[in-house]
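Worksheet: one structure, shown below.
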Amino acid sequence: MTAPRLGPTSPRLVPGTRQRLLPRQPTVDLAGHVDHFGPRPDGGRRLIAEVERAGLRGRGGAGFPTAVKMQAVAQRHRSVVVANGTEGEPASSKDKALLTLAPHLVLDGAVAAAEAVGARRVILCIERSAGTAIDAVFTALDERREERLDRLAIQVATTPSRYVVGEESALVQLLNGGEAKPTFVPPRPFERGVGGQPTLVQNVETLAHVGLIERFGAAWFRSVGTLGDPGTMLVTVSGAVRHPGVYEVPLGVAVSAVIAQAGGSSAGLAAVLLGGYFGTWISASDDAVLGRESLGRLSAALGCGVLIALPSGACGLLQTAGIVRWLAAQNAGQCGPCVNGLSAIAAAMDLVARANPGGEGERRLERWLAMVKGRGACRLPDGTARLVESGLRVFADEVTRHRVVGPCPAARQIPLPLPTPGGWR
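In terms of this note's numbering, the sequence shown opens at residue 105 and continues consecutively.
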């Protein structure tokens, strides 16, 4: 069964799974939301233990255990909850789709998390270019105020369209009146965040799952997925597929099954970029499933749930070089690994992809990749290095061919969203 389409962010469902976050009929209004999900119970402090039993991990990219973050904030006083819907990853549409189609579920989860950790307010952050999602959220908040549904303050903050804004220290700095640039830690947001208060920063999809766990419990949440990776997740599929969009899938499903549901075929692919621009190339022939253990064996990760299908005949090195140039332009200008390292890596990757006499590009990459890892204020250098290293590994034959024969004469490429960087406020 598939959900109604919503342009490029249409939610879809892999057959045989139960659609949870995005019901077949969107529940945008409060009456439809309550009719579908039922009224929100009062989970209180007990909710943290239930989230722990559910095994929920963050859906924003890092995959950190949600209950651990909640408990760290609950041990402190006068805290704040930040619902992170910034979605700076250009290839991802899942958070926008969720906020557009099920804003009340996100708000339920944010309020439930706030009550569980003892927070006094919630701040929902949305990229200011996501106009449809912003409108849906404000409409939902008006409905909730009219019904006097929430006992704490909920604020909406819009964010600039920069890649690193979604990093939690950058988001906190923006909310504190500064530029949306990552800061060196410690202190971490759970120690001192918005207004100097302990702050729980969670992705909006994560909070939507919290809202469901509060209603239906840990056993229900674990009834799909795997023992180590329970539940469903939203993935954004694009590239060489007939039906790009946002799909809700159970963890543990094969990557090839998700591609097939989106109208693609592994037989016609060269590779899949998994996790977005911060992610990892995997070969189309890899028997990969959406789970930490399986992907870990391929040195890959779920990230923010992006799958980009690269067709056979495309030049993966050119695609990688284009992404790396864009990532280099996203640096916050605060530290050497970003300012100097990323531009040097982009230039070296261009050599590998276009003209690489004597393997000069590979030698430069080896030097610069080693220099930037683990040295930035944020993980932008590490993510860029991971992307490049996976490209060199998966497209090793192309690297050799470019070095010996020259660049691909007329390689087929897929268009990738590479928006122009904006400001920092």
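The C-beta atom is built at its ideal place from N, Cα and C for all residues, glycine as well.
Quick caveat, the model's predicted, so the values are computed rather than measured.
* Asked: The beta strand (DSSP E) spanning residue 236 covers which residue range?
  -> Mapped onto the sequence shown, residue 236 falls at position 132. It is not in any beta strand (DSSP E) - residue 236 instead sits in the alpha helix (DSSP H) that spans 235-250.
* Note down the Cα distance separating residue 418 from residue 266, rounded to an integer number of angstroms. => If you number the sequence shown from 1, residue 418 lands on position 314. If you number the sequence shown from 1, residue 266 lands on position 162. So the alpha carbons of these two residues sit roughly 28 Å apart.
* Around the C-beta of residue 290, are 16 or more other C-beta atoms found within 10 angstroms, so that it is buried, or is it exposed? -> Counting from 1 along the sequence shown, the entry for residue 290 is found at position 186. Flag for residue 290 reads exposed.
* Starting from residue 309 and walking both ways along the alpha helix (DSSP H), at which residues does that stretch end? -> Looking up residue 309 in the sequence shown gives position 205. 308-325 is the extent of the alpha helix (DSSP H) around residue 309.
* Name the one or two DSSP bridge partners that residue 337 has. => Here the question's residue 337 lines up with position 233 in the sequence shown. Per DSSP, 353.
* When DSSP labels each residue in this structure, what does residue 385 get in the three-state scheme? -> Locating residue 385 in the sequence shown gives position 281, counting from the first residue. Of the three classes helix, strand and coil, the one that applies to residue 385 here is strand, per DSSP.
* To do: With distances taken Cα to Cα, identify the nearest neighbour of residue 318 among 142, 340, 501, 407.
  => Position 214 of the sequence shown, counted from the first residue, corresponds to residue 318. Cα-wise, what sits closest to residue 318 is 142.
* Those residues which DSSP pairs with residue 258 across a bridge -> For the purposes of this step, residue 258 is taken as residue 154 along the sequence shown, with counting starting at 1. According to DSSP, which records beta bridges pairwise, residue 258 is partnered with 226.
* Does the beta-carbon of residue 163 have 16 or more other beta-carbons within 10 angstroms, so that it is buried, or is it exposed? -> As a working note, residue 163 is residue 59 in the sequence shown. The residue is buried, with at least 16 neighbouring Cβ atoms inside 10 Å.
* Measuring CA to CA, which of 367, 365, 366, 358 is closest to residue 386? -> What you label residue 386 is simply residue 282 of the sequence shown in a count that begins at 1. For the residues 367, 365, 366, 358, the minimum Cα distance to residue 386 belongs to 358.
* **Endpoints, alpha helix (DSSP H) assigned at residue 375** => Position 271 of the sequence shown, counted from the first residue, corresponds to residue 375. Segment 373-378 is the beta strand (DSSP E) holding residue 375; no alpha helix (DSSP H) there.
* Asked: I think residue 176 touches residue 314, with their Cβ atoms under 8 Å apart; what is that distance to the nearest whole Å?
  -> Looking up residue 176 in the sequence shown gives position 72. Looking up residue 314 in the sequence shown gives position 210. Not confirmed; about 15 Å, so no contact.
* **residue 524, buried or exposed, once every other Cβ within 10 Å from all chains shown has been counted against 16** => Locating residue 524 in the sequence shown gives position 420, counting from the first residue. It counts as exposed.
* Do the segment 464-471 and the segment 424-443 make contact, defined as three or more Cβ pairs closer than 8 Å? -> no
* In chain order, which alpha helix (DSSP H) runs of at least 4 residues are fully inside the segment 113-191? -> 134-141, 150-158, 170-178
* With residue 413 as the anchor, note down where its beta strand (DSSP E) starts and where it stops. => Residue numbering aside, residue 413 sits at position 309 when the sequence shown is read from its first letter. First-last of the beta strand (DSSP E) with residue 413: 410-415.
* Can you give me the start and stop residues for the alpha helix (DSSP H) that residue 423 sits inside? => Here residue 423 refers to the residue found at position 319 of the sequence shown. Taken as a continuous stretch (DSSP letters only), the alpha helix (DSSP H) holding residue 423 covers 420-433.
* To do: Give me the Cβ distance between residue 410 and residue 379, rounded to the nearest whole Å; I'm assuming they're in contact under 8 Å.
  => What you label residue 410 is simply residue 306 of the sequence shown in a count that begins at 1. What you label residue 379 is simply residue 275 of the sequence shown in a count that begins at 1. Contact holds; Cβ gap of about 6 Å.
* Measuring only between beta-carbons, confirm whether residue 478 sits less than 8 Å from chain D. => The chain inventory of the structure shown lacks chain D, comprising one protein chain alone.
* Asked: In this structure, what does DSSP give as the bridge partners for residue 304?
  -> Within the sequence shown, residue 304 is the residue found at index 200, counting from 1. Paired residues: 185.
* Find out if the Cβ-Cβ distance for the pair residue 529, residue 283 is shorter than 8 Å. => Walking along the sequence shown from the start, residue 529 turns up at place 425. Walking along the sequence shown from the start, residue 283 turns up at place 179. A contact, by the Cβ cut-off of 8 Å.
* Asked: Using the beta-carbon count (16 or more within 10 Å), is residue 199 buried or exposed?
  -> Numbered from its first residue, the sequence shown carries residue 199 at position 95. Buried: at least 16 other Cβ atoms inside 10 Å.
* To do: Would you kindly report the start and end of the unbroken alpha helix (DSSP H) that includes residue 472?
  => By one-based count along the sequence shown, residue 472 stands at place 368. Unbroken alpha helix (DSSP H) run through residue 472: 464-476.
* Report, in whole angstroms, the separation of the C-beta atoms of residue 298 and residue 186, which I expect to be a contact under 8 Å. => For the purposes of this step, residue 298 is identified with residue 194 of the sequence shown, where counting begins at 1. For the purposes of this step, residue 186 is identified with residue 82 of the sequence shown, where counting begins at 1. That pair is a contact at about 7 Å.
* Can you tell which of 152, 202, 159 has its C-alpha closest to the C-alpha of residue 178? -> Residue mapping note: residue 178 aligns to position 74 of the sequence shown, counting from 1. Here the closest residue by C-alpha is 152.
* 8 Å contact criterion, which residue 240 and residue 308 should meet: CB distance rounded -> The residue given as residue 240 occupies position 136 in the sequence shown. The residue given as residue 308 occupies position 204 in the sequence shown. Not quite, the Cβ-Cβ distance comes to about 12 Å (not below 8 Å), so this is no contact.
* To do: Have a look at residue 342 and residue 517 and give me their C-alpha separation to the nearest angstrom.
  => Translated into positions along the sequence shown, residue 342 becomes position 238. Translated into positions along the sequence shown, residue 517 becomes position 413. Straight-line Cα distance between these residues: approximately 13 Å.
* Asked: residue 263 bridges to which residues according to DSSP?
  -> In the sequence shown, the residue the question calls residue 263 occupies position 159. Answer is 231.
* Between the Cα of residue 363 and those of 345, 353, 428, spot the shortest distance and give me the residue it belongs to. => Position 259 of the sequence shown, counted from the start, is the residue given in the question as residue 363. Nearest option by C-alpha distance: 345.
* State the Cα-Cα distance for the pair residue 519 and residue 201, rounded to the nearest angstrom. => Along the sequence shown, read from residue 1 onward, the residue named residue 519 stands at position 415. Along the sequence shown, read from residue 1 onward, the residue named residue 201 stands at position 97. Approximately 21 Å between the Cα atoms of the pair.
* To the nearest angstrom, how far is it from the Cα of residue 118 to the Cα of residue 271? -> Here residue 118 is taken as the residue at index 14 of the sequence shown, counted from 1. Here residue 271 is taken as the residue at index 167 of the sequence shown, counted from 1. For residue 118, the predicted structure reports a pLDDT of 49, less than 50, and the residue's modelled location is therefore unreliable. The matter cannot be settled from this model.
* DSSP-derived helix/strand/coil call for residue 105 -> Along the sequence shown, one-based indexing puts residue 105 at 1. Here the model assigns residue 105 a pLDDT of 27, short of 50, so the residue's position is not dependable, and the following value carries that caveat. Reduced to three states, the DSSP call for residue 105 is coil.
* Asked: Considering residue 200, what are the terminal residues of the alpha helix (DSSP H) in which it resides?
  -> Locating residue 200 in the sequence shown gives position 96, where the first residue counts as 1. Run containing residue 200: 198-205, per the alpha helix (DSSP H) assignment.
* Roughly how many angstroms separate the alpha carbons of residue 295 and residue 263, rounded to a whole number? -> The residue labelled residue 295 in the question sits at position 191 within the sequence shown. The residue labelled residue 263 in the question sits at position 159 within the sequence shown. Cα to Cα, residue 295 sits roughly 23 Å from residue 263.
* Report all residues from its chain with a CB closer than 6 Å to the CB of residue 232; omit the five preceding and five following residues, and keep chain order. => Within the sequence shown, numbered from 1, the residue matching residue 232 stands at position 128. Once the five neighbours on either side are set aside, the close Cβ partners of residue 232 are 262.
* Going straight from the alpha carbon of residue 509 to that of residue 382, what length do you get? -> Position 405 of the sequence shown, counted from the start, is the residue given in the question as residue 509. Position 278 of the sequence shown, counted from the start, is the residue given in the question as residue 382. The alpha-carbon atoms of residue 509 and residue 382 are separated by roughly 30 Å.
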